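Participant:
Residue numbers (this note's numbering), protein chains in the order written: chain A, 3 to 473; chain B, 3 to 473.
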């Protein structure tokens, strides 16, 4: 009589063997198995039947038992996961700005500059140097390489007035990209369920990070000169918020650039409410007719938490950013960053530092300014000529984008879909609004590939808008 | 009469000028300022007095007004931040394992293998190749480079039995290190305030990520063959938890290695409770007398979420890891990872893929196995000889650590402090316990620099323990 626990043991053992065997491999003959396991032939037969019923082996009459070809077509039911996971948090989906475009599409949707705008030679040389150095095999300190931290501090400190203590290297925490800095800042300085004031419209990545951190987003309308200080003050007072996220220079998507006076008013408002300004200086290297003057350089009271990324201007493969903060806020940020990313690759850090400390980096940035100006003006001109229904309300003094107003009652998502069908990809404006849209907008990026196609792109947008008007 | 708003305007303007001027630079003479601003001399004097009272300028009689040297010694009061930040979340501090050690210290505390255990030539060559490729200037897709995702899927799928569908490249999300994967998994699969079962003791980085995610940690005791399935089942039933975090192969810190039978029992328990096993296969490349057999390879029902990092075995500068999950869980994970890190540098991904697909990588791993065995045995022998009070209860079959039991009533933190004072750095065991310690332990890492000093290190530990016994 067959011993069922012995049979189970043989099944378990043979499953292990089968898992590493090639499909079609022959199993040892029954008599070998009888001898090996010290069981009866009936027990061996029982084990082989079990394996066969599991679809793992097949008998071929007169030949023996063989490992079956792996079956992978089984349809899985993951329904149980829905119960285990519970209701999803409401998270914005990934922006259109992050989608890769096929080569034959005119790409005005991306958030990243084309390779021709990057310091390619510098980046290649820096990676080659890093490959020969010890950093390829070493671990970076948690807060970042000391020299890179000092460079970030010095860059910001260069804008500090004489009566303001400039930031120190110790105030800097290096991050694997600024998205991680947004998440960390919202978690560490605001926290789940607590209010965060945020410009409307604002960077969609910040809205994503805010949703992930579970903070309660409170939109503050913001125009081409930033938010109205009285509105901002009211929002602080009404919600009890202790933090305001903003992009004072060349805001994404609007291109807004705060005047010095407006910046001082916002800083005073933030101070009066005992709050933080989370200043996202994403376009620090993308000035055209103006240069960013970080508010963080004019505050040494710990009110401004400053985010600066090198990813967009050095290379999308060099994901290095920094957050600069003073006081307990810095400790909270560092502890959060460590819990979520431990440290940033020392190679990426040393490549970033290598690039930005080369004399050729200054030359590159001067050249970049001219390229961005020419691209911006080319796209503006093309829109004026071919898409008169698309209105640019303010010519941006820097950054990478035009914020284009569409006729009222146009649905930007439908316009974007129709444009894409006609061969040009654009980013619908709704993704940048934390709440109601102030109007119908598209964001058009002039730093993408092939500015020679801007004319054709504008022509398509113009046609699509005409069609929509006719509806 | 002086016009106060004109004076303010001049103050603001000159502050901008001063901020970019060198200390000692001379301001334009008063008559120049009168003409430039179209104001009275009294207004100019008023503005200069204001600048002087701010400490920004100084008058030198008979010479003019000059920019003062920057004062940076001001002591800042960041007390307001405490109110703005609210009570800190209770977060474990960074582990002793992350501290950098001076060169003259015997380092048995680190969690990272020494450079001599890394495939240095492969890593250098891979970085040099990457420097010449287009990846240095391109953006990676959000979920990772397709080839690297396919490699991770194939590695795990190689262990799948014939009746289990192996994972596909589409199930893989590439991460900037496994710490980010822990954070993402705890946030996306468990969520704030909800229970997470966790082995005790367990990896301190997981405790840190759990604290950051705000999940409620429920310790499940785990011995050298993993957790007792009945205890685990009870913990699921009592807490309603839907996830269990574990390290089935060469657990950090204990070195525990689950038998196949135990693994099957745990998998069955997890399935029965409609739950996830978050399997951290951190030591996949560090087998000595055994090899990891991921549970994830034997589940295609979406119950196992698999974490695999290349950072420790390829290089600490190549921060690349992957999470492999199926069903809605993968979507939730991807959305969380994108919100916190957008994407991983394509250079690091292509370097990782380059290294692990070289034939020399297999040779390296074979060689590494021998090195780890020799180092483990050397440290074991040294402890046996020189530190008989330090007891290794189970010789680990892989991994990087010995988990050393100290005499009862010893305080591991004090032992660690005394060892450090005597020249050897060790990690006190308490950092690895989510709740009460099951005993007094040290974690000793045998993959650090200079195994030649293991004897001396053991001698010091032995002396410190003797001293403690005498107290």
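For each residue, glycine too, the CB sits at the ideal point set by N, CA and C.
All values reported here derive from a predicted model rather than from experimental measurement.
At a Cβ threshold of 9 Å, is residue 289 of chain B touching chain A?
Facilitator: Numbered from 1 along the second chain, position 287 holds the residue referred to as residue 289 of chain B. With 9 Å as the cut-off, residue 289 of chain B does not count as an interface residue toward chain A.
Participant: Considering only C-alpha positions, which residue in the set A:86, A:406, A:196, A:145 is nearest to residue 347 of chain A?
Facilitator: Stepping through the first chain from its first residue, residue 347 of chain A is reached at position 345. Per the Cα distances, A:145.
Participant: Taking the beta carbon of residue 332 of chain A as the centre, do at least 16 other beta carbons fall within 10 Å, making it buried, or is it exposed?
Facilitator: Within the first chain, residue 332 of chain A is the residue found at index 330, counting from 1. By the 10 Å Cβ count, residue 332 of chain A comes out buried.
Participant: When you compare each of A:393, A:401, A:397 to residue 410 of chain A by their alpha carbons, which one comes out closest?
Facilitator: Position 408 of the first chain holds residue 410 of chain A. Here the closest residue by C-alpha is A:393.
Participant: On the three-state DSSP scale, how would you describe residue 130 of chain A?
Facilitator: For the purposes of this step, residue 130 of chain A is taken as residue 128 along the first chain, with counting starting at 1. Here residue 130 of chain A sits in helix by DSSP.
Participant: Would you say residue 8 of chain B faces chain A, with C-beta separation under 9 Å as the test?
Facilitator: Mapped onto the second chain, residue 8 of chain B falls at position 6. With 9 Å as the cut-off, residue 8 of chain B does not count as an interface residue toward chain A.
Participant: Distance, Cα to Cα, residue 104 of chain A vs residue 464 of chain A?
Facilitator: Residue numbering aside, residue 104 of chain A sits at position 102 when the first chain is read from its first letter. Residue numbering aside, residue 464 of chain A sits at position 462 when the first chain is read from its first letter. Residue 104 of chain A and residue 464 of chain A: Cα-Cα distance of roughly 22 Å.
Participant: With 9 Å as the limit, tell me which residues of the stretch 54-88 of chain A have their beta carbon closer than that to any beta carbon of chain B; keep them in chain order.
Facilitator: Flagged, chain order: 56, 57, 58, 59, 69, 70, 71, 72, 73, 74, 75, 76, 78, 79, 80, 81, 82, 83, 84, 85, 86, 87, 88.
Participant: At which residues does the beta strand (DSSP E) containing residue 322 of chain B begin and terminate?
Facilitator: In the second chain, the residue the question calls residue 322 of chain B occupies position 320. Segment: none, residue 322 of chain B is in no beta strand (DSSP E) and carries neither H nor E.
Participant: Going by DSSP, what residues sit across from residue 447 of chain B in a beta bridge?
Facilitator: As a first step, residue 447 of chain B is located in the second chain; it is residue number 445 there, counting from the start. The partner list for residue 447 of chain B (beta bridge, DSSP) reads B:403.
Participant: I need the straight-line Cα distance from residue 489 of chain B to residue 210 of chain B, nearest angstrom please.
Facilitator: Absent from the model: residue 489 of chain B. The displayed extent of chain B is 3 to 473, so no value can be given.
Participant: Could you tell me which whole alpha helix (DSSP H) segments of length 4 or greater appear in the stretch 358-439 of chain A?
Facilitator: As far as the stretch 358-439 of chain A is concerned, its whole alpha helix (DSSP H) runs of at least 4 residues are 361-388, 414-423.
Participant: Would you identify the three-state DSSP class for residue 271 of chain B, choosing helix, strand or coil?
Facilitator: By 1-based counting over the second chain, the position of residue 271 of chain B is 269. DSSP places residue 271 of chain B in helix when its eight states are reduced to three.
Participant: Grouping DSSP H, G and I as helix and E and B as strand, with all else coil, what is residue 75 of chain A?
Facilitator: Locating residue 75 of chain A in the first chain gives position 73, where the first residue counts as 1. Here the model assigns residue 75 of chain A a pLDDT of 49, short of 50, so the residue's position is not dependable and the matter cannot be decided.
Participant: Is residue 460 of chain A helix, strand or coil when you go by DSSP?
Facilitator: Numbered from its first residue, the first chain carries residue 460 of chain A at position 458. Looking at residue 460 of chain A - three-state DSSP - the assignment turns out to be helix.
Participant: Step through the CB atoms of chain A and report whether any lies within less than 9 Å of the CB of residue 38 of chain B.
Facilitator: Locating residue 38 of chain B in the second chain gives position 36, counting from the first residue. With 9 Å as the cut-off, residue 38 of chain B does not count as an interface residue toward chain A.
Participant: Check the C-beta distance from residue 341 of chain A over to residue 351 of chain B and give it rounded, since I have them as a contact under 8 Å.
Facilitator: Taking the first residue of the first chain as 1, we reach residue 341 of chain A at position 339. Taking the first residue of the second chain as 1, we reach residue 351 of chain B at position 349. Not quite, the Cβ-Cβ distance comes to about 23 Å (not below 8 Å), so this is no contact.
Participant: In the DSSP assignment, what residue or residues form a beta bridge with residue 109 of chain A?
Facilitator: In the first chain, the residue the question calls residue 109 of chain A occupies position 107. Per DSSP, A:427.
Participant: In this structure, does DSSP put residue 282 of chain B in helix, strand or coil?
Facilitator: The count along the second chain starts at 1 and reaches residue 282 of chain B at position 280. If DSSP states are grouped into helix, strand and coil, residue 282 of chain B belongs with the strands.
Participant: Could you give the DSSP three-state label for residue 122 of chain B: helix, strand or coil?
Facilitator: On the second chain, residue 122 of chain B is found 120 positions in, with the first residue counted as 1. Looking at residue 122 of chain B - three-state DSSP - the assignment turns out to be helix.
Participant: Is the number of C-beta pairs between the stretch 236-248 of chain A and the stretch 364-371 of chain B that are closer than 8 Å three or more?
Facilitator: The stretch 236-248 of chain A vs the stretch 364-371 of chain B: no contact.
Participant: On the criterion of 16 or more Cβ atoms from any shown chain inside 10 Å, does residue 217 of chain A qualify as buried, or is it exposed?
Facilitator: Along the first chain, read from residue 1 onward, the residue named residue 217 of chain A stands at position 215. Per the 10 Å Cβ criterion, buried.
Participant: Can you give me the C-alpha to C-alpha distance between residue 356 of chain B and residue 153 of chain A, rounded to a whole angstrom?
Facilitator: As a first step, residue 356 of chain B must be located in the second chain, where it is residue number 354. As a first step, residue 153 of chain A must be located in the first chain, where it is residue number 151. Going from the Cα of residue 356 of chain B to the Cα of residue 153 of chain A covers about 32 Å.
Participant: Below 8 Å on the Cβ atoms is my guess for residue 384 of chain A versus residue 457 of chain A; work out the distance and round it to an integer in Å.
Facilitator: Against the first chain, residue 384 of chain A aligns to sequence position 382. Against the first chain, residue 457 of chain A aligns to sequence position 455. Contact flag correct, Cβ pair sits at about 5 Å.
Participant: Comparing C-alpha positions only, which one of B:41, B:190, B:390 sits nearest to residue 337 of chain B?
Facilitator: What you label residue 337 of chain B is simply residue 335 of the second chain in a count that begins at 1. Taking only the C-alpha atoms, the option nearest residue 337 of chain B is B:190.
Participant: Listing by chain order, which chain A residues have their CB less than 7 Å from the CB of residue 120 of chain B?
Facilitator: As a working mapping, residue 120 of chain B is identified with position 118 in the second chain. Here the neighbours are 139.
Participant: Given a threshold of 16 other Cβ atoms within 10 Å of its Cβ, counted over all protein chains shown, does residue 123 of chain B qualify as buried or as exposed?
Facilitator: Here residue 123 of chain B corresponds to residue number 121 of the second chain, with the count starting at 1. That one is exposed.
Participant: Looking at chain A, is there any beta carbon in it that lies within less than 9 Å of the beta carbon of residue 321 of chain B?
Facilitator: Your numbering for residue 321 of chain B matches position 319 in the second chain. Cβ-Cβ to chain A under 9 Å: yes for residue 321 of chain B.
Participant: Can you check whether the CB of residue 406 of chain B is closer than 9 Å to the CB of residue 418 of chain B?
Facilitator: Looking up residue 418 of chain B in the second chain gives position 416. Looking up residue 406 of chain B in the second chain gives position 404. Result no, Cβ atoms of residue 418 of chain B and residue 406 of chain B do not sit closer than 9 Å.
Participant: Who are the neighbours of residue 238 of chain A on chain B, taking C-beta pairs under 9 Å?
Facilitator: Walking along the first chain from the start, residue 238 of chain A turns up at place 236. Ordered by position in chain B, no residue passes the 9 Å Cβ test against residue 238 of chain A, which lies about 11 Å from the chain.
Participant: Within a Cβ cutoff of 7 Å, which residues of the same chain sit near residue 75 of chain B, ignoring the five residues on either side of it in sequence?
Facilitator: For the purposes of this step, residue 75 of chain B is taken as the residue at position 73 of the second chain. Confidence at residue 75 of chain B is low in this model, with a pLDDT of 49, below 50, so the placement of that residue is unreliable and no value is reported for it.
Participant: Report the residues of the stretch 289-306 of chain A with a CB closer than 7 Å to any CB of chain B, ordered along the chain.
Facilitator: Those residues of the stretch 289-306 of chain A that come within reach of chain B (Cβ to Cβ, closer than 7 Å) are 302, 303, 304.
Participant: Have a look at the DSSP bridge pairing and note the partners of residue 202 of chain A.
Facilitator: Locating residue 202 of chain A in the first chain gives position 200, where the first residue counts as 1. A:223, per the DSSP bridge assignment.
Participant: Under 9 Å between C-beta atoms, does residue 436 of chain B make it to chain A?
Facilitator: Position 434 of the second chain, counted from the start, is the residue given in the question as residue 436 of chain B. Cβ-Cβ to chain A under 9 Å: no for residue 436 of chain B.
Participant: Taking the beta carbon of residue 181 of chain B as the centre, do at least 16 other beta carbons fall within 10 Å, making it buried, or is it exposed?
Facilitator: Counting from 1 along the second chain, the entry for residue 181 of chain B is found at position 179. The residue in question, residue 181 of chain B, is buried, as its Cβ has 16 or more Cβ neighbours within 10 Å.
Participant: Check residue 295 of chain A in the structure and name its three-state DSSP category.
Facilitator: Taking the first chain and counting its residues from 1, the one referred to as residue 295 of chain A is at position 293. In this structure, residue 295 of chain A counts as coil in the three-state DSSP scheme.
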